[in-house]
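Visitor: From first to last, the protein sequence lines are chains A and B.
Just so we're aligned, residue 41 is where the first sequence starts under the working numbering, counting upward by one.
Just so we're aligned, residue 484 is where the second sequence starts under the working numbering, counting upward by one.
Structure below; questions to follow.
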Amino acid sequence: MAETTLSHVPPQMRPSGLRGVAADWSSDQRAFKNVSWGKAMMWVFLLSDTFVFGCFLIAYMTARMSTVEPWPNASEVFALHLFGRDLPLILIAIMTFVLISSSGTMAMAVNFAYRRDRKRTAILMLLTAVLGATFVGMQAFEWSKLIMEGVRPWGNPWGAAQFGSAFFMITGFHGTHVTIGVIFLLIVARKVARGDYDTDARGFFTSRRGNYESVEIMGLYWHFVDLVWVFIFAFFYLW
Amino acid sequence: MVEATGHRMGSSHGQEQPAAVAHTDSHQEHPIKLYLVVWVWLFILSACSYLVDYFQLQGMLRWSLIIIFMLLKAGLIVAIFMHMAWERLSLVYAILVPPLVVLVFVWIMTVESNYTLWTRMTFFGAAP
């Protein structure tokens with residue numbers, strides 16, 4: 041339970057800018073002066089996750105650049121027949137808006153958590169979870185539609201075989217992240233609603249006392265999932 | 484967190500700093516309006532990138548618009564929603580600089596895939 045020593049000099053009295061970077065990192069204590077270990081570790085985890093998704097997207101780029109067969113046109117592949125005409129990419133656009141909305145509700149949940157507004161925080165987190173689950177549901181619909189049309193990891197009716205493997209790998213991994221996020225959102229929302237962070241109740245898994253910062257750390261993860269989707273949307277669906 | 488502010492290692496003697504330890508944690512309290520504004524902007528930018536596809540813009544215009552909208556959205560999410568704009572520079576650099584190195588990897592794989600494509604066209608007689 042030992043926290044690393046926080047500096048006793050308040051951060052606003054420390055040097056800022058580049059000089060601050062050198063001073064913080066060389067201070068022989070903790071480098072992140074006003075960030076708890078939980079938050080710092082979530083950031084480090086997200087950084088490593090960035091590399092995972094970076095590798096997926098680079099692998100996709102390599103496959104697409106080096107294939108001699110035409111790459112399937114995402115605009116047509118992901119079109120839906122709605123209102124009597126084909127709307128290109130419409131499902132993906134709706135999924136994007138759903139995920140962005142969930143990010144917005146999450147940001148507001150974090151805000152209310154710091155105001156100790158239990159009810160609003162819990163409701164907004166539940167709303168975030170519902171939007172996230174909606175996103176996963178739409179992704180499941182998209183997967184089954186493509187599988188029925190004959191897309192497989194080893195081939196598809198429209199061109200380069202790597203399209204299927206890249207699609208299932210990238211969106212599958214992202215969907216897994218969303219699913220895990222929804223589960224953790226529900227857990228944290230339950231704790232907030234029950235008042236665990238006000239009564240200093242111990243957690244069921246680590247037996248440690250939590251606090252409202254858990255909501256912000258949860259938020260970091262959730263926004264990251266949204267962030268990854270921004271890149272997937274641009275590189276996989278629009279490119 | 485706040486409990487850690489109780490640690491006063493090394494300062495037990497010598498300089499006295501009574502109430503300076505008040506608030507070391509970075510609690511982020513911003514008006515809700517800020518989040519709503521960012522939310523609206525994310526909607527607008529997503530709609531713009533969708534319209535790039537809807538109107539089937541092609542060529543350099545397409546790629547540059549996609550990249551610009553993508554970077555603007557990513558920047559808004561990281562800076563405002565993830566509160567990066569209010570963190571100390573040490574954390575910002577520790578998190579944001581390493582992903583930039585991925586660009587080197589992108590460049591390496593670009594060279595590699597150009598070479599692969601060239602060999603496929605040259606030795607397998609396939610035209611793109």
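Ideal Cβ placement from N, Cα and C applies to all residues, glycine included.
On a predicted model such as this, the values are computed, not experimentally measured, just so you know.
#1: Roughly how many whole angstroms lie between the Cα atoms of A:A180 and A:F245?
#2: To the nearest angstrom, report how far apart A:T219 and B:M592 are at their CA atoms.
#3: Name the residue from A:V270, A:A119 and A:M165 whose alpha carbon lies nearest to the alpha carbon of A:M258.
#4: Relative to the C-alpha of A:H273, which residue among B:W522, B:H513 and B:Y533 is closest?
#5: Could you name the residues of chain A that B:V589 contacts, counting a contact when the two beta carbons are closer than 8 angstroms?
#6: Is it right to say B:L583 is buried, meaning 16 or more other beta carbons lie within 10 angstroms of its own, or is it exposed?
#7: To the nearest angstrom, how far is it from the Cα of A:V268 to the Cα of A:W262?
#8: Run through the stretch 85-165 of chain A for me and flag every whole alpha helix (DSSP H) of 4 or more residues, listed as ranges in chain order.
#9: For A:K79, tell me which candidate among A:A149, A:E253 and A:D266 has the shortest Cα-Cα distance.
#10: Mind checking whether A:V232 and A:A147 have CB atoms under 8 angstroms apart?
#11: Counting only the same chain and skipping the five closest in sequence on each side, list residues whose C-beta sits under 8 angstroms from that of A:A71.
#12: Given a cut-off of 8 angstroms on the beta-carbon distance, is the pair A:I223 and B:F588 in contact?
#13: Give a yes or no on contact between the stretch 131-147 of chain A and the stretch 95-111 of chain A, applying the rule of three or more CB pairs nearer than 8 angstroms.
#14: Which residue's Cα is closest to the Cα of A:F118: A:P51, A:E256, A:M53 and A:M178?
#15: The ligand FAD heavy atoms versus the CB of A:M53: any closer than 7 angstroms?
#16: How would you write the range of the alpha helix (DSSP H) that A:N74 sits in, first residue to last?
#17: Find the residues of chain A that neighbour B:L525, judging by a C-beta separation of less than 8 angstroms, and give them in chain order.
#18: From A:E15 to B:V594, what does the alpha carbon distance come to, in whole angstroms?
#19: Is the number of C-beta pairs between the stretch 129-137 of chain A and the stretch 525-542 of chain B that are closer than 8 angstroms three or more?
Guide: The short version:
#1: Using only the alpha carbons, I get a separation of about 31 angstroms.
#2: Taking the straight line joining both Cα atoms gives about 31 angstroms.
#3: Cα-wise, what sits closest to A:M258 is A:M165.
#4: Before going further, note that residue 273 of chain A is Phe rather than His in the sequence given. Nearest of B:W522, B:H513 and B:Y533 to A:F273, Cα basis: B:Y533.
#5: Listed by position along chain A, the residues whose Cβ is nearer than 8 angstroms to that of B:V589 are I98 and M101.
#6: Under the 10 Å beta carbon count, B:L583 is surrounded by fewer than 16 other beta carbons and is classified as exposed.
#7: Distance between the alpha carbons of A:V268 and A:W262: 10 angstroms.
#8: 114-117 and 130-154, all fully within the stretch 85-165 of chain A.
#9: The shortest Cα separation from A:K79 among A:A149, A:E253 and A:D266 belongs to A:E253.
#10: In this structure, A:V232 sits away from A:A147, with a CB-CB distance that is not shorter than 8 angstroms.
#11: D64 and W65.
#12: Not a contact, by the Cβ cut-off of 8 angstroms.
#13: No, they do not touch.
#14: Residue A:M178 is the option with its Cα nearest to A:F118.
#15: Of ligands this structure carries none, so the ligand FAD is not represented either.
#16: No alpha helix (DSSP H) contains A:N74, which DSSP labels as neither H nor E.
#17: Within chain A, the residues near B:L525 are I140, S143 and G144.
#18: Because chain A is modelled from 41 through 279, residue 15 of chain A falls outside the range shown and cannot be assessed.
#19: Because the criterion of three Cβ pairs below 8 angstroms is met, the stretch 129-137 of chain A and the stretch 525-542 of chain B touch.
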